[in-house]
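Converting from the sequence shown to my numbering requires adding 69 to each position, the first position being numbered 1. Ideal placement from N, C-alpha and C gives every residue a C-beta, glycine not left out. Given the structure is predicted, the values throughout are model-derived calculations rather than measurements. As structure tokens, the structure follows; a few thoughts come after it.
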Amino acid sequence: FCVETLDDFTQDLNDYVDGTPPAGTNLVWSTNPDSSVEADYLGSTVATSTQLVGTDTFYGFYYDSLNDCASPNTVTVVLSVNEAPNPGTTTSTSVCADSGNGGTTLDLDNQLTGADPGTWSLTASQTGASITIDGDNIVDFDGQPLGNYVFTYTVAGAGICGDETVQLTVTVEDCSGPC
70 FCVETLDDFT
80 QDLNDYVDGT
90 PPAGTNLVWS
100 TNPDSSVEAD
110 YLGSTVATST
120 QLVGTDTFYG
130 FYYDSLNDCA
140 SPNTVTVVLS
150 VNEAPNPGTT
160 TSTSVCADSG
170 NGGTTLDLDN
180 QLTGADPGTW
190 SLTASQTGAS
200 ITIDGDNIVD
210 FDGQPLGNYV
220 FTYTVAGAGI
230 CGDETVQLTV
240 TVEDCSGPC
């Protein structure tokens, strides 16, 4: 069996074994496929994410403590922990619509903190806008219509984790002010 999960979890390894143990035996779990190494027996049938580092393999076998023997066959369970992707946190901001009146360029990455690697996309803009995100994630709003522009930062999922996103709103303003 191979199980993949996200972040914190508690998993009873016995859930992966059907049937009942033979008379006089208990289902025992170990981190070692060699059932004769009793030092590697787990004290519990429950595995938690705090015990795991990435992927761990557990071996289950039937143990007869009266006769001090274990079944020759084992069941193998592989648990893998993947952390959910982190899209970070954004800080909305504003820019000018005319470079003659103030700053019109914005580095999208400077409005993002604590994020895993990902990509930016424009998800909402004003009618008539012609926005381009360059290779360095810089956008020039010079000559763009006034209003709000929404950008989405997407971090690709890890394993079974889906994509995670966060949005950034940039307000394009008329910075001309009074003369």
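For D243, the secondary structure class from DSSP, reduced to helix, strand or coil, is coil.
Sixteen is the threshold: when 16 or more other Cβ atoms of the shown chains lie within 10 Å of the Cβ of A166, as they do, the residue is buried. If you compare the alpha carbons of F130, V97, T79, L96 with that of V115, the shortest gap goes to T79. Scanning its chain for C-beta atoms nearer than 8 Å, with the 5 sequence neighbours on each side dropped, one finds around P90 the residues L96, Y131, in chain order. Contact annotation: the segment 132 to 139 does not touch the segment 161 to 177, with fewer than three C-beta pairs closer than 8 Å.
In the structure shown, L96 adopts extended strand secondary structure according to DSSP, grouped into three states.
Take S245, set aside five residues on each side of it, and the residues of its chain with a beta-carbon closer than 6 Å to its own are N170, in chain order. The residues D109, in chain order, have a CB closer than 6 Å to that of N101 in the same chain once the five nearest residues on each side in sequence are set aside. One thing to note: T174 has its Cβ no nearer than 8 Å to the Cβ of D205. Annotation: G169 is outside any beta strand (DSSP E) and is labelled neither H nor E by DSSP. When A193, V224, Q180, N217 are compared, the shortest CA-CA separation from I207 is found for Q180. Using a Cβ distance threshold of 8 Å, T234 and T223 count as a contacting pair.
Counting along the chain, I207 sits inside the beta strand (DSSP E) bounded by residues 207 to 209. Nearest to T221 by C-alpha distance, out of G157, V86, D81, D243, is G157.
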